[in-house]
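Contents: one structure, followed by commentary.
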Amino acid sequence: MGVELTMPDLGNLCEQRQPLECRVALVSNDRDLSSIWVSALNATAAQHENPFGLRFESVATSALEKCLREEDRLQALIIDAGCSPEELKDAEQLADRMHDLRAQLNVFLVAQDSFLNDQGGAPASVRKRFDELFDRRECNFNHMFRLVQAFIARRASTPFADTLKDYVFSARDAWHTPGHSGGDSLRNSPWVGDFYRFMGEHVFNTDLSVSVQVLDSLLEPHSVIQEAQDLAAQAFGAEQTFFLTNGTSTANKVVIQQILGGGGKIIVDQACHKSVHHAIVMNRVEPVYLKSTLHPQFGIYGPVCRSDIEKALDEHPDAGLLVITSCTYDGLRYDLKPIIEYAHERGVKVLIDEAWYAHGYFHTELRPTALECGADYVTQSTHKMLSAFSQASMIHVQDPDFDEFRFRENLNMYASTSPQYSMIASLDVARKQMVMEGYGRLRHCLQMVETLRREVDATGVFRALTREDLIPAPLVNDNIRLDPTKVTIDVSGSGYSGKEIQVKLFDQFGIQVEKTTYNTVSVLVTLGSTESKLLRLVHALKQLAKQTRKRTHVGTARQLPEFTHLNRLPADAYFAETEELPLMDNGVAAEKKLVGRTCADEIVPYPPGIPVLVPGQEISAQIVQFLQQLLQGQNATEIHGLIFRSDEPMIRVVSEPKKAPVNGGKKEA
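The structure is reproduced here in structure tokens:
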């Protein structure tokens, strides 16, 4: 069921920290053991410091799945394996099922030590699945309580954020960068003191320098930053994780340079993020572009057909890297496992741009993630859907051929030597939040999505689009999934365009949406979405549903022109000697000058943000006409990559060699 749309209680406006409450479930069909152990462990918890509010309870095996799905406060399981090989096998299967549903929980095994010793100690399968083992006959409940608490404490720790906070409160005098010196340069200024007061003191006193050695080094981590990255790798299911303060744009460039630095061939979705196109230029890479699909009714671009990906892999056995985006801006996700397996069978590494899907690992309805499907590298914008600051991102690695030394060198080429420490702390804290309460938060998000979709449809004017609505026809057999936290609303029934509804929501109701197409608006339901925000959005849509008008022509989805061939490598074209040619020079005249020339820049209309031209690509008449149409009329489309001279749009093209004059330019006798 969705959340109820009732006005929240505003009686207590004072923000108070709620006491922590963590549930630990003992899973056993032995009622006597369960009763004794749960009573003893709760009595032990009452006698010791219990900062996490640990409370033990018994759960029958048959009720475990229901508990995992519905108990948000659950932090650990203690699984009773009994005294036989059959029961141990059952316990391992329970642990696997738990991991499928709640991968972040700690899991402990209760078994008879003599039985395990008879097998030569705990087998590798047991050590892999369980954090620690308890002897059924020992009953050292003090030790068990402390051990469970220690594992939870480790998961709940934020080594970098805690060190940063401790350093700030130690009130050291700063004789180092940055120049504002903890905000002292602004605090009492009659001119800029208002900025200090607006931002708050901790924005400034957490903005520190690499000179503070206790805070470790992002470029060569060895203490608290490395600990935070190790915890993140464990949390997201990676072999190794690296923090970035330059966003996923930088993350993509680092990975591409790691695999193809100096040249090589890349198979890439034409609709990939522009950072991938930039990396292609910067590393002199030869691209093989995959055509994105278009849903013509809504103007939404989707994934590439799986058959096209497989065909490209077959036709380009010398490719070194496959790059695809999952999920897309609109929430469409590939069925990644067969694609990644197909690439690996041909020796091709796989990078998945998961910028919009950092939350995916923390709820069973959103899995599997790219890492679970076998991707070698995954880049995530931790700030997009989780609680990190903007630009805070992660690179997750599970490449069996990973060269860490080379990777750090590549990372250092792009990373700032003066990172923002509060941004690093936000990555640490965002990871903690997801492993401790991510499942419950996302369960609430999904309930809000259900309510929002129901209320949108109830207007009778607007419609929340389903997975079936959004998948273009060529993808119907590709098992494409939809991230439910991205809600796309069809507004065509109102008679207004998506842009007009966006303006009305902002001007009349103070609501800013994520994006629009000519007949849709999209909103994100994130960890920060609240019932109050939901109430206001639904109210606004209901009011706008009463303001319908006779439908006018609000636009159509423009199919991108066919991708022409590359005359040069993108890098060669971008750095070549060039000239600028007009795009709108009486239409036909411009077309004659541009057709057949080699583009030197990336030309990208927004929306949809997919390049029409990339450096090195031959310009066709279809492309020129398409761009001219986008710039005509009052609602001209924003196009990145054009150069404007006196308000006239120009395209940078590779200069053609001048033809040598006949006979050296001399007249014949």
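Using the UniProt record's numbering, the first residue of the sequence shown is number 1, and each one after it goes up by one. Just so you know, even glycine gets a beta-carbon here, dropped at the ideal spot from N, CA and C.
**Report entry** Every unbroken beta strand (DSSP E) inside the segment 125 to 181 [3 residues or more]
**Finding:** Counting only runs that start and end inside the segment 125 to 181, the beta strand (DSSP E) elements of at least 3 residues fall at 132 to 135.
Query - C-beta contact flag for Glu514 and Leu524 at 7 Å - result: Going by C-beta atoms, Glu514 is nearer than 7 Å to Leu524.
Requested in this report: Please name the residue, chosen from Gln622, Val612 and Gly596, that lies closest to Ser655 on a Cα-to-Cα basis.
Outcome: Nearest to Ser655 by alpha-carbon distance, out of Gln622, Val612 and Gly596, is Gly596.
Report task. Compute the Euclidean distance between the alpha carbons of Ser387 and Phe243, then round it to the nearest angstrom. Result -> Per the coordinates, the alpha-carbon of Ser387 lies some 15 Å from the alpha-carbon of Phe243.
Query - Which residues DSSP lists as bridging His295, in chain order - result: DSSP output for His295 lists Ile300 as bridge partner(s).
Query raised in the report: What residue ranges within the segment 399 to 475 form continuous alpha helix (DSSP H) runs of no fewer than 4 residues, ordered along the chain?
Result: List check, alpha helix (DSSP H) in window: 404 to 414, 421 to 458 and 467 to 470.
Query raised in the report: Taking Cβ to Cβ, would you say Phe204 is nearer than 7 Å to Gly183?
Result: Cβ distance < 7 Å, so Phe204 and Gly183 count as in contact.
Query raised in the report: Do Thr459 and Leu332 have their CB atoms nearer than 7 Å?
Result: Result no, Cβ atoms of Thr459 and Leu332 do not sit closer than 7 Å.
Query - Beta-carbon gap between Thr248 and Ala150 smaller than 7 Å - result: Cβ atoms of Thr248 and Ala150: not closer than 7 Å.
Query raised in the report: Between Lys533 and His316, what straight-line distance do the alpha-carbon atoms span, to the nearest angstrom?
Result: Distance between the alpha carbons of Lys533 and His316: 49 Å.
Query raised in the report: Identify the residues that DSSP records as bridge partners of Leu74: which are they?
Result: Per DSSP, Arg23.
Query raised in the report: Exposed or buried, what is Cys139 when buried is set at 16 or more other beta-carbons lying within 10 Å of its beta-carbon?
Result: Classification of Cys139: exposed, given that the 10 Å Cβ count is below 16.
Query raised in the report: In whole angstroms, what is the alpha-carbon distance linking Leu535 and Ala392?
Result: In a straight line, the C-alpha of Leu535 is about 30 Å away from that of Ala392.
Requested in this report: Could you tell me whether the Cβ atoms of Arg23 and Glu71 are closer together than 7 Å?
Outcome: Contact annotation: Arg23 and Glu71 have beta-carbon atoms nearer than 7 Å.
Query raised in the report: Out of curiosity, what's the CA-to-CA distance linking His277 and Leu569?
Result: Rounded to whole angstroms, His277 to Leu569 spans 12 Å at the Cα level.
Report task. Whole angstroms is fine: what's the gap from Thr241's alpha carbon to Gln622's? Result -> The alpha-carbon atoms of Thr241 and Gln622 are separated by roughly 44 Å.
**Report entry** Close beta carbons around His180, own chain, < 8 Å, minus the five adjacent residues each side
**Finding:** Taken in chain order, the residues that qualify are Leu186, Phe204 and Asp207.
Report task. Measure the CB-CB distance between Ile610 and Leu594 and report whether it falls below 7 Å. Result -> Taking 7 Å as the Cβ cut-off, Ile610 and Leu594 do not qualify as a contacting pair.
Query - Terminal residues of the alpha helix (DSSP H) in which Phe575 lies - result: Looking at the DSSP string, Phe575 is not in any alpha helix (DSSP H), and its letter there is neither H nor E.
Report task. Would you mind working out which of Asn142, Ile78 and Ser125 sits nearest Ala45, comparing C-alpha positions? Result -> Nearest option by C-alpha distance: Asn142.
Requested in this report: Identify whether Lys546 lies in helix, strand or coil by the three-state DSSP scheme.
Outcome: DSSP places Lys546 in coil when its eight states are reduced to three.
Query - Opening and closing residue of the alpha helix (DSSP H) in which residue 726 lies - result: In the structure displayed, the chain extends from 1 to 669; residue 726 sits before or after that span and is not available.
Query raised in the report: Using the beta-carbon count (16 or more within 10 Å), is Tyr301 buried or exposed?
Result: Buried, since its Cβ has 16 or more Cβ neighbours within 10 Å.
Query - Residue closest to Ala63, alpha-carbon to alpha-carbon, out of Asn42, Leu26 and His48 - result: Here the closest residue by C-alpha is Leu26.
Query raised in the report: Is the beta carbon of Leu583 less than 7 Å from the beta carbon of Pro649?
Result: Yes, the pair counts as a contact, with Cβ atoms nearer than the cut-off.
Query raised in the report: Any idea what DSSP makes of Glu315, helix, strand or coil?
Result: Residue state, collapsed to three classes: helix.
Report task. Return yes when the Cβ of Gly616 is within less than 7 Å of the Cβ of Leu560, no when it is not. Result -> No; because the gap between Cβ atoms is not below 7 Å, this pair is not in contact.
Query raised in the report: Where does the unbroken beta strand (DSSP E) through Val110 begin, and where does it stop?
Result: Here the beta strand (DSSP E) through Val110 covers Asn106 to Ala111.
Query raised in the report: Counting Cβ pairs, one atom from each stretch, are 3 or more of them under 8 Å apart for the segment 292 to 299 and the segment 448 to 456?
Result: Note that the segment 292 to 299 does not touch the segment 448 to 456; fewer than 3 beta-carbon pairs, one per stretch, sit closer than 8 Å.
Query - Cut-off 7 Å between Cβ atoms - residues of its own chain near Lys384, not counting five sequence neighbours on either side - result: Correct list, in chain order: Ala355, Trp356 and Ala358.
Query raised in the report: If we ignore side chains and look at the alpha-carbon of each, how far apart do Leu105 and Arg154 end up?
Result: Across the structure, Leu105 and Arg154 are spaced so that their CA atoms are roughly 12 Å apart.
Report task. Confirm, please, whether the CB-CB distance from Cys373 to Thr325 is below 7 Å. Result -> Against a cut-off of 7 Å, the Cβ pair of Cys373 and Thr325 comes out as no contact.
Query raised in the report: Can you tell which of Val435, Gly200 and Tyr518 has its C-alpha closest to the C-alpha of Ile152?
Result: Looking at the Cα atoms, Val435 is the closest of the given residues.
Query raised in the report: When you compare only the Cα positions, how much space is there between Cys445 and Pro484?
Result: When rounded, the distance between both Cα atoms is 9 Å.
**Report entry** Start-to-end residues for the alpha helix (DSSP H) that takes in Met282
**Finding:** It spans Lys274 to Met282 - the alpha helix (DSSP H) in which Met282 sits, taken as one unbroken run.
Query raised in the report: How far does the beta strand (DSSP E) with Arg55 in it reach, from first residue to last?
Result: Leu54 to Val59 is the extent of the beta strand (DSSP E) around Arg55.
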